[in-house]
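Counting the sequence shown from 1 gives a position; this note's numbering is that position plus 30. Notes to accompany the following structure.
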Amino acid sequence: MTQHLGAAAALDQLSGWTDVPERDAITRSYRFTDFNAAFGFMARVAMAAEKVDHHPEWSNVYNRVEVVLTTHDAGGVTAKDIELAKFMDSIAG
Numbered sequence: 031m032t033q034h035l036g037a038a039a040a041l042d043q044l045s046g047w048t049d050v051p052e053r054d055a056i057t058r059s060y061r062f063t064d065f066n067a068a069f070g071f072m073a074r075v076a077m078a079a080e081k082v083d084h085h086p087e088w089s090n091v092y093n094r095v096e097v098v099l100t101t102h103d104a105g106g107v108t109a110k111d112i113e114l115a116k117f118m119d120s121i122a123g
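Shown next, in the form of structure tokens:
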């Protein structure tokens, strides 16, 4: 089982992310120039997430992508969430 770290520990390592009220999860909103850029971001994240079998909760409306990360089987935020958040930040531009 993956070690639970908690949202506070994750936020110490990330910029632009916040905690989700009443959940051990972190969230961020990304904005892109248009739908194509937002969808391209989601496609790249989806491929990376599938490789590590760790998938975000997210939604997309036009140029916005709203993301929530938590590790369900660990009951909260883990190193998997931190790594995926860092990857997202690195490709978001």
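The beta carbon of each residue, even a glycine, is placed where N, CA and C say it ideally should be.
- Message: My assumption, with CB atoms under 8 Å, is that Met72 sits in contact with Asn90. Please give the rounded CB distance.
- Response: On the sequence shown, position 42 is the one that residue 72 refers to. On the sequence shown, position 60 is the one that residue 90 refers to. Correct: roughly 6 Å between the Cβ atoms.
- Query: In whole angstroms, what is the alpha-carbon distance linking Ser120 and Phe62?
  - Reply: The count along the sequence shown starts at 1 and reaches residue 120 at position 90. The count along the sequence shown starts at 1 and reaches residue 62 at position 32. Roughly 14 Å between the two C-alpha positions.
- Task: Could you please give me the residues that DSSP links to His34 through a beta bridge?
- Result: To locate residue 34, count along the sequence shown from 1; it is residue 4. Note: His34 sits in a beta bridge opposite Thr108.
- Message: If you follow the beta strand (DSSP E) that Val97 is in, where does it begin and where does it stop?
- Response: Within the sequence shown, the letter at position 67 stands for residue 97. Membership of Val97 in the beta strand (DSSP E) is indicated by the continuous run 94-99.
- Task: Confirm, please, whether the CB-CB distance from Arg94 to Ser45 is below 8 Å.
- Result: Looking up residue 45 in the sequence shown gives position 15. Looking up residue 94 in the sequence shown gives position 64. Going by beta carbons, Ser45 and Arg94 fall outside the 8 Å limit.
- Message: Short of 8 Å in beta carbon distance, which residues of its chain neighbour Phe69, apart from the five on each side in sequence? Order them along the chain.
- Response: Start at 1 with the first residue of the sequence shown, and residue 69 comes out as number 39. Taking C-beta separations shorter than 8 Å and ignoring five residues to either side along the sequence, the partners of Phe69 in its chain run Asn90, following chain order.
- Task: Mind checking which residues open and close the beta strand (DSSP E) that includes Glu87?
- Result: Position 57 of the sequence shown, counting from 1, holds the residue named residue 87. For Glu87, the enclosing beta strand (DSSP E) stretches over residues 87-91.
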